[in-house]
Structures are given as C-alpha cells and as structure tokens.
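A.B. asks:
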Amino acid sequence: MSAATAYQRDSLEADDLRAVLPHRPPFLLLDRVTHVEWDSHAVGIRNVGVTEPWFAGHFPDSFVYPGVLLIESLAQLAGVVLSRRAAGKGARGAYLAAVRSFKFTHVVRPGDQLILEARAGATLDGITDFTVGARVGNRVVATGRIAIAETEAEK
Amino acid sequence: MQTLITPEADPVRIRDVAGRRHQLVDRVKHLLVDRLDTVVEAGMIADDEPLFGRGLELDSIDTLELVVAVQEEFGVEVTDDNVEALLSVSHLTDHIAARLEAQA
Chain E
11 MSAATAYQRD
21 SLEADDLRAV
31 LPHRPPFLLL
41 DRVTHVEWDS
51 HAVGIRNVGV
61 TEPWFAGHFP
71 DSFVYPGVLL
81 IESLAQLAGV
91 VLSRRAAGKG
101 ARGAYLAAVR
111 SFKFTHVVRP
121 GDQLILEARA
131 GATLDGITDF
141 TVGARVGNRV
151 VATGRIAIAE
161 TEAEK
Chain C
98 MQTLITPEAD
108 PVRIRDVAGR
118 RHQLVDRVKH
128 LLVDRLDTVV
138 EAGMIADDEP
148 LFGRGLELDS
158 IDTLELVVAV
168 QEEFGVEVTD
178 DNVEALLSVS
188 HLTDHIAARL
198 EAQA
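Next up, the structure:
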C-alpha cells in the first residue's frame, strides 16, 4: 500500500504501517492501528510475544516487557497520527523530543495484548504534545506525555 | 456634557485592575517555576525578561510545556499564530488577560 492510500484510511494493518512509518521489525513496535483520526488521535494494538529478542535479557529469570519499549510503541503511534501532516509539509521525519511524567502501573508480560492510545494536544513550532496511555484489557499499565518533533523539509 | 472623570480613570478601579493584573503576573511566574525545571524562583523573574535566548533561556520543548501549562491552568491557547505571547511574562499575561476577558 502506498502512503497516499494509507492516509485515506481510518485503520491500518502492519503492512500498511510500513507505508507511513520508517520503522521495521524488530523495531516496528506496533502491530495494528485500529482507529486513527489523522492529526488528532489514534488507538493501536501490540501483541507482546515471548520470542521478542529483548526477553533473552529482560530478564533471564522472569519475562518483563521493558517500559522504555512501551514508550517507543506509544511514540510510534503518535508518529502515525502526525505522519499525514508531516508528509504533506514534506518533513523529513518525526522524532521523539520529550518524555514526561510517565507512570508504569503494572508489569507487562508475554501474551499480553497492549491497547495503545495517543492523543495530540498543543503544537508549537513543529513540536506536538501527546497524552498517551496503554492498557491490557481494562487494566491501565502506563500513562504519560511525550512530545514529537517534525523535522524541517528537505531543502 | 463631557464627563471629566471616566470610570476608567477612577482611582479605585485603577487600583483594582492593577491588582488583578499583578495577581495574574504572579500566577504566570509560579506556573513557570512549577512546570519548568529550568526556572528557579518566581521572585527572580522580571516581567519583561525574555523567555528565550538571553533571559530565562527556555528551549523549544520548554516552550511547548509552557503552552500546555497555560492551557491547563487558564484554558487559554497559544499557537504558532500568536507566538509573540511567549516573548516575556508580560506579553504572556497580556495574552491570557485578553483571552479571559473575551470569554467573560
């Protein structure tokens, strides 16, 4: 699927995500976007699998999904929200610029399905504030805020 | 007949307006201290001190945080169309006061 086609849709499969995000496995940390309102809001899912490489070391005696990767999943979802606008402006990309007031309230383990949500807030000078959260079922496992910076268009 | 003393020139009212502005300036300064790690003490911030560059030296991420804080605290938006509101505490206070008055 081309990016232009993806931007017409309100949900994206993993294959479609490759058209709107530069990330690739094993670092495409988003399996599906179940709903996107471009420039504003998205909900996505990520199925945590025991075969993921980080579980070899995190931890040898007990599998715990790393909190920093949860932030990355949410940042990628925020990146999806901004991707259409960024592409329209010819931006070279969008990068994680700030991580604020994160809380990890429950441990995430292999077999958990993360429901991820990212909501855009204020934008100033190409940087957008996002309120983000993740849950497994009805249990909230992480909440926080991140900022995503769109880089300048290629000269 | 032309009135010589307009309500705006009433000393009590002037004191009242000045007092309210002073309170608003104070709230803006405390917001800077509470929400941004870089700013140490509200009493050390001059009303006309530049927020970026020389002055408080806020960077673009601090500035976005300030915009989010202003929205949460006062329900007032600052966007790329009115960034001049972010030149100093004084400018920001004027912007907030004008928006609050428009809402009232």
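First to last, the sequence lines map onto chains E and C. Each residue of the first sequence is one higher than the last, beginning at 11 in my numbering. Each residue of the second sequence is one higher than the last, beginning at 98 in my numbering. Just so it is clear, CB atoms sit at the ideal spot from N, CA and C, and this is done for glycine as well.
1) Round the Cβ separation of C/His188 and C/Ala194 to the nearest angstrom and send it over; I've been treating them as touching at under 8 Å.
2) Check whether chain C comes within 8 Å of E/Ala101, counting only Cβ atoms and requiring the distance to be less than that.
3) How big is the Cα-Cα spacing for E/Ser12 and E/Thr44?
4) Assuming C/Val165 and C/Val173 make a contact with CB atoms under 8 Å, what is their CB distance in whole Å?
5) Evaluate the contact criterion for the stretch 122 to 133 of chain E versus the stretch 46 to 61 of chain E: three or more CB pairs, one atom per stretch, below 8 Å.
6) So is C/Ile193 in contact with chain E if we call contact Cβ pairs under 8 Å?
7) Could you confirm whether any beta carbon from chain E is found closer than 8 Å to the beta carbon of C/Val186?
8) Which one of C/Gln120, C/Asp134 and C/Leu121 has the shortest CA to CA distance from C/Leu155?
9) With distances taken between CB atoms, is the gap from E/Leu31 to E/Val90 smaller than 8 Å?
10) Can you give me the C-alpha to C-alpha distance between C/Leu153 and E/Phe73, rounded to a whole angstrom?
11) Going by the CB atoms, is the gap between E/Val109 and E/Ile158 shorter than 8 Å?
12) Report yes or no: is there a C-beta of chain E within less than 8 Å of the C-beta of C/Leu161?
13) Using a Cβ-Cβ distance cut-off of 8 Å, determine whether E/Leu106 contacts chain C.
14) Measuring only the C-alpha atoms, how far is E/Val151 from E/Val58?
15) Taking C/Val165 as the query, report the chain E residues whose CB atoms sit under 7 Å from its CB, ordered along the chain.
16) Quick one: measure Cβ to Cβ for C/Val122 and C/Val186, integer angstroms, because I've assumed they're closer than 8 Å.
17) Is the separation between the beta-carbon of E/Arg42 and that of E/Ala24 shorter than 8 Å?
18) What distance in whole Å lies between the Cβ atoms of E/Gln86 and E/Leu40, which are believed to be in contact at a cut-off of 8 Å?
C.D. replies: A quick look at the data gives this:
1) With 8 Å as the limit, C/His188 and C/Ala194 do not qualify as a contact, their Cβ atoms being about 11 Å apart.
2) Not one chain C Cβ lies under 8 Å of E/Ala101.
3) Going by the C-alpha atoms only, they are around 18 Å apart.
4) Contact flag wrong, Cβ pair sits at about 12 Å.
5) Proximity of the stretch 122 to 133 of chain E to the stretch 46 to 61 of chain E meets the contact definition, three or more beta-carbon pairs being nearer than 8 Å.
6) So no, C/Ile193 is outside the interface.
7) Closer than 8 Å: no.
8) With distances taken between CA atoms, C/Leu155 lies nearest to C/Asp134 out of C/Gln120, C/Asp134 and C/Leu121.
9) Taking 8 Å as the cut-off, the beta carbon of E/Leu31 is found closer than this to the beta carbon of E/Val90.
10) About 45 Å.
11) Not a contact, by the Cβ cut-off of 8 Å.
12) Judged by the 8 Å Cβ criterion, C/Leu161 is in contact with chain E.
13) No, E/Leu106 lies away from the interface with chain C (no Cβ there is under 8 Å from its Cβ).
14) Approximately 13 Å, taken between the alpha carbons.
15) Those are Gly131, Ala132 and Asp139, listed as they occur along chain E.
16) At roughly 6 Å, the Cβ-Cβ gap stays under 8 Å, so C/Val122 and C/Val186 are in contact.
17) Note that the C-beta distance between E/Arg42 and E/Ala24 is below 8 Å.
18) 5 Å between Cβ atoms; contact.
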